[in-house]
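Student:
Number of protein chains: 2
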Amino acid sequence: MMMVRKSKGIGERHQKILDFIQEYQRKYKHPPSIREIGEGCDISSTSVVNYYLDQLEKNGYIERDRKISRGLRVTGANISVDTLRIPILGPIAAGIPLPELQPGVNYLTDNEANAVDVARNLLPPKEKGTDLYALEVKGDSMIDAMINDGDIVVLKRTAEARNGEMVAVWLPRDNEATLKYFFKEKDRFRLQPANPTMEPIYINKDVPLEIKGKVVMVIRKIETYAA
Amino acid sequence: MMMVRKSKGIGERHQKILDFIQEYQRKYKHPPSIREIGEGCDISSTSVVNYYLDQLEKNGYIERDRKISRGLRVTGANISVDTLRIPILGPIAAGIPLPELQPGVNYLTDNEANAVDVARNLLPPKEKGTDLYALEVKGDSMIDAMINDGDIVVLKRTAEARNGEMVAVWLPRDNEATLKYFFKEKDRFRLQPANPTMEPIYINKDVPLEIKGKVVMVIRKIETYAA
DNA sequence: CTTGACATCGAACGAATGTTCAGGTATCAT
DNA sequence: ATGATACCTGAACATTCGTTCGATGTCAAG
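Here the protein sequences come in this chain order: A and B. Read left to right, the first sequence gives residues 14 to 240 (this note's numbering). Read left to right, the second sequence gives residues 14 to 240 (this note's numbering).
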């Protein structure tokens, strides 16, 4: 039979230590010592902290420089405390459905290739980053939203939108994924292109319309240069 | 008379220490100890290192957490080794001249308000970041380059451009600053808007034309949401 | 030449910190 | 019951590391 306490992966206490390290790092700009972790996590003995740290290292949650004071750092999602790693879940294009978002799931990845790193101070200070994801724009279909082929759009997961926010929507009726400014009117939705010279689209409220998230940031990398 | 050795601000040795700390941090992911700095900078005594560290701290070049092992970090330009702080030199708009760039000068700033922080891995690996600067787009004049009011364009300082690169140019003839794809043809330059539906501008080679830099990245922050 | 600010050295001290170990306790499968 | 395994304790130990201090060298001003 399976033991209850043994949760193969990470336990409550592991998580607490992990959280403590990150919070400490953010607060003091340097990692905590073993003893400080002990105090912060109600562990009386340094050897126990060491014990957990070893496990966290084995499972790849942290890196340690043994013998070096405060030589530990959490690996994974974020390359530094000042940066958020936002996963690129897939492409967004006119004719293909948007990737499904499991509500409440974190899409954190430590795979640099499938993520963009964004400095924290480019986002609102309260932004935790857990419900952010990114899509890579394919094709010119978003051109009326001032968004180009190859651009990366960062979105915040939401099912509702306030007027004036730019949202990613899926229109089953037209088999269309698009980025538009969103306005709720009497009995219809108005999807307004960012480009002021273009006309809005009107969608009656009885027509299905899925809001997949609101746009938080657009990043366009120009690759035609070498450093 | 002024003494020669005393250079009020920062000396050669201070700089060496500063460089060493940054290089060490990049390499080992944690700050060096006093003794390691000594070895790396050919200083035989820890007290001398401490002596210089004190001065660097007084002048605001580094921060120290006394008593804490390896508790020092360089302040200023970059919030972390994984991030480049790129100064926003000013606005770019149709009718106003571009900010003058002193060749060879670094515009590094520690003022967060006048800079954007960009994760290093969003730029080419060799990019040192010293000749990067950013401009904030004002108005809709760049709309044909798929660039909106309020966007931040990151540029690499250069006076020459290769065909196909997007550059910031100043056209004294038309009193116009603009962002366009650059092509050199027989005896004229072709400035091609990013928006494929728009027509290029042709400039004869005898017409003055100042290339201020090539576009490396465009960042659009959408502020209409709260975390 | 003397003085004093600055720079450097070497050594010693003590606090901070990672490591190790000998033993405890609880839970669970057999 | 029993042994295995995970979890935990307390203490001692060995380094690492920041700090301090007295001595020395250098150079420009008085």
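Glycine is no exception: its CB is placed at the ideal position from the N, C-alpha and C atoms.
With DSSP run on the structure shown, which of helix, strand or coil describes V318(B)?
Tutor: It is not possible to answer for residue 318(B), since the shown part of chain B is limited to 14 through 240.
Student: Among H27(B), Y41(B), V150(B), which has the Cα closest to the Cα of N63(B)?
Tutor: Mapped onto the second sequence, residue 63(B) falls at position 50. Of the listed residues, the one whose Cα sits closest to N63(B) is H27(B).
Student: Is there contact between the region 223 to 236 of chain A and the region 162 to 176 of chain A, where contact requires at least three CB pairs shorter than 8 Å?
Tutor: Because the criterion of three Cβ pairs below 8 Å is met, the region 223 to 236 of chain A and the region 162 to 176 of chain A touch.
Student: Which residues in the same chain as V87(B) place their Cβ atom closer than 7 Å to its Cβ, once the five residues preceding and following it in sequence are excluded?
Tutor: Residue numbering aside, residue 87(B) sits at position 74 when the second sequence is read from its first letter. So the list reads L31, I34, Q35, Y74, I75, once near-sequence residues are dropped.
Student: Could you name the residues of chain B that N63(A) contacts, counting a contact when the two beta carbons are closer than 8 Å?
Tutor: In the first sequence, counting from the first residue as 1, residue 63(A) sits at position 50. By Cβ distance, chain B contributes nothing, its closest Cβ being about 17 Å from N63(A), past 8 Å.
Student: How close, in whole Å, do the beta carbons of D162(A) and A132(A) come, if the pair is a contact with beta carbons under 8 Å?
Tutor: Locating residue 162(A) in the first sequence gives position 149, counting from the first residue. Locating residue 132(A) in the first sequence gives position 119, counting from the first residue. Rounded, the Cβ-Cβ distance is 25 Å, inconsistent with contact.
Student: Are at least three pairs of beta-carbons, each pair with one atom in the region 185 to 204 of chain A and one in the region 189 to 206 of chain B, less than 8 Å apart?
Tutor: Contact between the region 185 to 204 of chain A and the region 189 to 206 of chain B is absent, because fewer than three Cβ pairs lie under 8 Å.
Student: How would you write the range of the alpha helix (DSSP H) that L31(B) sits in, first residue to last?
Tutor: Within the second sequence, numbered from 1, the residue matching residue 31(B) stands at position 18. Looking at the DSSP string, the run of the alpha helix (DSSP H) that includes L31(B) is 25 to 41.
Student: How many Å lie between E212(A) and I50(A) at the Cα?
Tutor: Counting from one through the first sequence, the residue named residue 212(A) turns up at place 199. Counting from one through the first sequence, the residue named residue 50(A) turns up at place 37. Answer to the nearest angstrom: the Cα atoms are 58 Å apart.
Student: Exposed or buried, what is K141(B) when buried is set at 16 or more other beta-carbons lying within 10 Å of its beta-carbon?
Tutor: Indexing the second sequence from 1 puts residue 141(B) at position 128. The residue is exposed, with fewer than 16 neighbouring Cβ atoms inside 10 Å.
Student: What residues of chain A sit near D78(B), judged by a beta carbon separation below 9 Å?
Tutor: Along the second sequence, one-based indexing puts residue 78(B) at 65. Correct list: Y41, K42, H43.
Student: Give me, in chain order, the residues of the same chain whose beta-carbon lies closer than 8 Å to that of L168(B); leave out the 5 immediate sequence neighbours on both sides.
Tutor: Numbered from 1 along the second sequence, position 155 holds the residue referred to as residue 168(B). Result list for L168(B): L145, Y146, A147, L148, A181, K225, G226, K227, V228, V229, in chain order.
Student: Closer than 7 Å by beta-carbon distance: list the chain A residues that pair up with I235(B), in chain order.
Tutor: For this step, residue 235(B) is matched to residue 222 along the second sequence. M179, V228, V229, M230, listed in chain order.
Student: Indicate whether at least one CB of chain A lies closer than 7 Å to the CB of A132(B).
Tutor: If you number the second sequence from 1, residue 132(B) lands on position 119. At least one chain A Cβ lies under 7 Å of A132(B).
Student: Going by C-alpha distance, which of P185(B), N188(B), L222(B) is nearest R203(B)?
Tutor: Sequence index remark: in the second sequence, residue 203(B) carries index 190 (1-based). Cα-wise, what sits closest to R203(B) is L222(B).
Student: At a CB-CB cut-off below 7 Å, which residues of chain B make contact with S82(A)?
Tutor: In the first sequence, counting from the first residue as 1, residue 82(A) sits at position 69. The contacting residues are S82, R83.
Student: Give me the Cα-Cα distance between L66(B) and D153(B), rounded to the nearest whole angstrom.
Tutor: Indexing the second sequence from 1 puts residue 66(B) at position 53. Indexing the second sequence from 1 puts residue 153(B) at position 140. If you take the alpha carbons of L66(B) and D153(B), they lie about 49 Å apart.
Student: Taking the straight line between their C-alpha atoms, what separation do you get for R170(A) and P112(A)?
Tutor: Looking up residue 170(A) in the first sequence gives position 157. Looking up residue 112(A) in the first sequence gives position 99. When rounded, the distance between both Cα atoms is 12 Å.
Student: Who are the near neighbours of M155(B) in its chain, counting only those whose CB is closer than 6 Å to its CB and skipping five residues on each side?
Tutor: One-based indexing of the second sequence puts residue 155(B) at position 142. If we look at M155(B) and ignore the five residues flanking it on each side, its Cβ neighbours are L192.
Student: Grab the span of the alpha helix (DSSP H) containing E49(A) for me, first residue to last.
Tutor: Here residue 49(A) refers to the residue found at position 36 of the first sequence. Run containing E49(A): 47 to 53, per the alpha helix (DSSP H) assignment.
Student: How many angstroms separate the CA atom of G24(A) from the CA atom of Q205(A)?
Tutor: Translated into positions along the first sequence, residue 24(A) becomes position 11. Translated into positions along the first sequence, residue 205(A) becomes position 192. Computed Cα separation, rounded: 48 Å.
Student: Give me the chain A residues within the contact set of M159(B), using Cβ-Cβ distance strictly less than 7 Å, ordered along the chain.
Tutor: Counting from 1 along the second sequence, the entry for residue 159(B) is found at position 146. Ordered by position in chain A, the residues that pass the 7 Å Cβ test against M159(B) are M159, N161.
Student: How far does the beta strand (DSSP E) with M230(B) in it reach, from first residue to last?
Tutor: Translated into positions along the second sequence, residue 230(B) becomes position 217. Residues 223 to 234.
Student: Helix, strand or coil for K151(B), going by three-state DSSP, please let me know.
Tutor: Walking along the second sequence from the start, residue 151(B) turns up at place 138. K151(B): coil per DSSP, three-state reduction.
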